[in-house]
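For the record, the sequence lines run as chains A and B. The opening position of the first sequence corresponds to residue 1 in the working numbering, with each subsequent residue numbered one higher. The opening position of the second sequence corresponds to residue 1001 in the working numbering, with each subsequent residue numbered one higher.
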Amino acid sequence: MDTLKAYSAYTTDHDSVGFFATSLQRDSFNIHLNIYSLFTLFCFCVLSCFSPTISHASDDENCLMCHSMPGLGIYTKDENENAVKRIFYINEELFKASYHGRLLCSSCHLGIDEVPHDDISKVDCASDCHIRDPSTNRKFSHSDIVNEFSQSAHGSQKELNGPAEDLPNCKYCHSNKPYQIIASNEQETVMFLKICMQCHESVVWAERFFKHINYRTLTRRSSKQIVELCSQCHADQAMMDSHDLDVVVGFNDTFHGKAIRYGNTDVANCLNCHAPYQSGFSPHSIASQQEASSPVSRDNKIETCRQSGCHTEAKEAFATSGRIHPSSLTPAKMANRKSNPRNGPDVVDTEFQEWVLQLIALFYKILIIVVVGGLALHQILELLTLRRERKLRGGL
Amino acid sequence: MFTVLKRIIRVFYILVLMIFTVWYGYFLYPVIFPTTDSEQAIDLADKEIDAFFGEGTTEEEKEFLKSLKQQQSISTTDLGYMVIEEQYVQGHFHHVGMKVETDNNSTCIRCHGAVPHDRAKTIRAFLNMHAFYLACETCHIRPTDNNNNFTFRWYDKETGSITSNPPGLNTLDESMYGNYAAKISPGELDKNAVFSFINGAKELDFVERYLKQESRLNDTQKSKMKKIIHRNVNEDPLICDGCHTIKDKPYLPFLELGYPKRRLHELTSTEVVGMINKYQKFYIPNLLKGGGVDKDDES
């Protein structure tokens, strides 16, 4: 309660608490607490005393007069003539608490000047926002990232083997998520905001700035979620075949994959190797393994393995002894890999390697069946013997 | 005494060891060997495809089955202080924060879908928005003259039963507007003042039977049956200013349906009515008449 008082002392408007109270009451909106979040809920409820704008943020353009109505949406066709569901409903509370919550709708949805809207252009993340970057005082834009992304392996500027519609866009990985908060040390959080408020008058600004910084210190996706996200395409056999890429089902068989599967959070996921941020790489500039700049290229791979917190003592052979997450290749793909001079022995398993792997797997299967089965058989025989002895003694 | 105890310990030891062995084998196996759910899934998918289409399945056919297998999934986002559960819609940027209750009791959406309006580009989203809490019959079935028994009730989307006070209808929380898990539908009061929907359980059953038998019917039979199914549909459906009106009494008895007065005032406010009046010249002449579409809107 001391913490609550400390927070309350810094605000005169407690309406924002209602945001959470309302959220908790709204069963139909399916926002609920989980057991693990009770502590952080408390901290955030307290923290939310600073956010009078969350529940009463103004909809300056009055878009929510219509767009707050669930059901506002259509089925339409995309550029490939596939039916797509378009939802025009905006959950005001989640939007206002989101990364883009300070923006006007028209900051991204450009050119809308009549109701009902007609011929609406697609959102371009590279366009300039109506807010200014505080570090440069220029209009904020994601154009640098968009340009960087377009040059990446996923980008439209790269030479492509398969259909272009398979390429991911911004929305494929990013949604307009409300800020995540982790307040593991409430006292530090209180002190942090106290310090902010000594100089900055606006509680709204301070609270949002805090959330922004807090959110940036978090791992926003778990390893499991990252693997699932990448697997949506890279584990799709048909899609990978159409792009002449290897399907990455083999990752689940590696120790990294299995550790992730069993809930270990401190283990490498796709991005830790293919775009290790510790080494200055970004997922937006992810490169093909064949490119020299890639952190998993033949020359860079060992340094990626040696990155801080991983295999820091790894020898050269550790990274070059074979593929990290091999998966079976079709004969045609195997032949294609062999005929392609850009692929070295670390890119493709030889048929001998695959044969040896299969042999080892078979050996261990037989071994386990014999050992475990033999043990089980032995124990059953033991039990039977016991019964027999008991019967004999009873007979005597 | 000691012999019995020894036996018990021995049996206990053997049983526990056996259970441990089986568990250990079960646990160890996926750690050592390729568990590969994905590979198993691919194998399973391939087997299903073969069973479904036979040998020589084309890529398009595979894509068809793949789409068929992709069920609507629920996405869960843990923000640390709350968890958002919502329908996962690929490529949708904003978080909806809610699961949509399926209307299991509409005769119309069995064929026309839950998002039925798709032709008039400018207002189809508005019409679909209304379809979220109004049954199709509300606008597309009109009372005959002097039918004083014609009225409206809410029905629960899931159970189909009449509900007098859907959740969220009386709340002051504006974000709950429209999200009532119920729909308004027309019906009639009998001489004992008992209400029954015009399209109720009997009509739903009728449509289900038609859909089951459709492939065995010839065109004439189909036409006849469709006419019967649509026998109550009016060629001139209700249009926006039937309810959103300042001058006249709204077509829907909002207060009787449980709307608070404040909400009634909002629905018939100058803001809403003014917008409708301003833009009705674009679409009202043909659009809502018997499914017609303005030529300008047709694409």
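Even glycine gets a Cβ: it sits at the ideal position worked out from N, Cα and C. In this text the structure is predicted, and so the values were computed from the model without any measurement.
Cutoff 8 Å: residue i Cβ touching any chain A Cβ
i          : result
Ile1009(B) : no
Tyr1155(B) : no
Met1275(B) : yes
Glu1174(B) : yes
Gly1258(B) : no
Thr1077(B) : yes
Leu1005(B) : no
Gly1025(B) : yes
Ile1014(B) : yes
Asp1037(B) : For Asp1037(B), the pLDDT reaches just 48, beneath the cut-off of 50, and the residue's location in the model is therefore unreliable, although a value from the coordinates is still provided. Yes, because at least one Cβ of chain A sits closer than 8 Å to the Cβ of Asp1037(B).
Residue i: CB within 7 Å of a non-hydrogen atom of the ligand SAH
i         : result
His325(A) : Looking at this structure, you won't find the ligand SAH or any other ligand, since it has none at all.
Beta-carbon neighbours of residue i, restricted to chain B and to distances below 9 Å
i         : result
Ser124(A) : The question names Ser, but residue 124(A) is Asp in the sequence shown. Residues of chain B passing the Cβ test: none, with the nearest at roughly 13 Å.
Leu94(A)  : Ile1084, His1094, His1095, Val1096, Gly1097
Tyr485(A) : Nothing about residue 485(A) can be read from this structure; chain A reaches only from 1 to 396.
Val204(A) : Correct list: empty, because the minimum Cβ distance to chain B is about 18 Å.
Residue-level contact to chain B via CB, residue i, 8 Å cutoff
i         : result
Gly73(A)  : yes
Leu392(A) : no
Asp118(A) : yes
Lys224(A) : no
Gln358(A) : no
Val146(A) : no
Leu386(A) : yes
Lys171(A) : yes
Asn80(A)  : no
Pro178(A) : yes
Ile90(A)  : yes
Val397(A) : Since the first and last residues shown for chain A are 1 and 396, residue 397(A) lies out of range.
Ser175(A) : yes
Ile54(A)  : Per-residue confidence for Ile54(A) stands at a pLDDT of 38, beneath the threshold of 50, marking its modelled position as unreliable; the derived number appears in the next sentence. No, its Cβ sits nowhere closer than 8 Å to a Cβ of chain B.
Ser23(A)  : For Ser23(A), the pLDDT reaches just 32, beneath the cut-off of 50, and the residue's location in the model is therefore unreliable, leaving the point undetermined.
Partner residues on chain A for residue i, Cβ-Cβ distance less than 8 Å
i          : result
Glu1271(B) : Met65
Thr1021(B) : Val372, Leu375, Ala376, Gln379
Min CB distance residue i to chain E below 8 Å
i         : result
Leu104(A) : Judged by its chain identifiers, the structure shown contains no chain E, and its protein chains are A and B.
When the options are compared against residue i, the one with the closest alpha-carbon
i          : options                                        : result
Glu114(A)  : Thr1122(B), His1112(B), Pro1116(B)             : Thr1122(B)
Met230(A)  : Glu81(A), His174(A), Asn137(A), Ala164(A)      : With the sequence shown as reference, residue 230(A) is identified as Cys, and Met is not the correct amino acid for it. Among Glu81(A), His174(A), Asn137(A), Ala164(A), the Cα nearest to that of Cys230(A) belongs to His174(A).
Met1018(B) : His109(A), Gly373(A), Tyr277(A), Arg388(A)     : Gly373(A)
Glu159(A)  : Asp119(A), Ala287(A), Tyr364(A), Gln225(A)     : Ala287(A)
Glu165(A)  : Glu81(A), Thr312(A), Leu386(A)                 : Glu81(A)
Gly162(A)  : Val248(A), Ala361(A), Ser242(A), Arg387(A)     : Ser242(A)
Pro1166(B) : Leu1134(B), Val1233(B), Val1194(B), Thr1151(B) : Leu1134(B)
Lys224(A)  : Gly263(A), Phe192(A), Thr217(A)                : Gly263(A)
Glu1235(B) : Gln1221(B), Ser1215(B), Glu1266(B), Thr1144(B) : Thr1144(B)
Ala235(A)  : Arg138(A), Phe251(A), Arg221(A)                : Phe251(A)
Glu1101(B) : Lys1157(B), His1092(B), Thr1151(B), Leu1127(B) : Lys1157(B)
Cross-chain neighbours of residue i in chain B, by beta carbon under 7 Å
i         : result
Ile87(A)  : Val1089, His1092, Val1096
Ile286(A) : Simply none; closest approach about 20 Å.
Chain A contact residues for residue i, given Cβ-Cβ distances below 9 Å
i          : result
Met1018(B) : Leu375, Ala376, Gln379, Ile380, Leu383
Residues of the stretch 367-382 of chain A whose Cβ lies closer than 7 Å to any Cβ of chain B, in chain order: Ile368, Val372, Leu375, Ala376, Gln379, Glu382
Against chain A: residues of the stretch 1110-1125 of chain B by CB proximity under 7 Å: Val1115, Asp1118, Lys1121, Thr1122, Ile1123, Arg1124, Ala1125
Interface positions of the stretch 1129-1147 of chain B facing chain A (Cβ-Cβ less than 9 Å), listed along the chain: Met1129, His1130, Ala1131, Phe1132, Tyr1133
Segments of 4+ residues assigned as alpha helix (DSSP H) that fall wholly inside the stretch 169-210 of chain A: 170-173, 186-199
Residue ranges of each alpha helix (DSSP H) within the stretch 89-150 of chain A, 4 or longer: 92-96, 105-108, 143-150
Complete beta strand (DSSP E) runs within the stretch 1249-1279 of chain B (minimum length 3 residues, chain order): none
Length at least 4, wholly inside the stretch 228-312 of chain A: the alpha helix (DSSP H) runs in chain order: 237-242, 255-261, 270-274, 301-305
Length at least 3, wholly inside the stretch 1081-1141 of chain B: the beta strand (DSSP E) runs in chain order: 1083-1087
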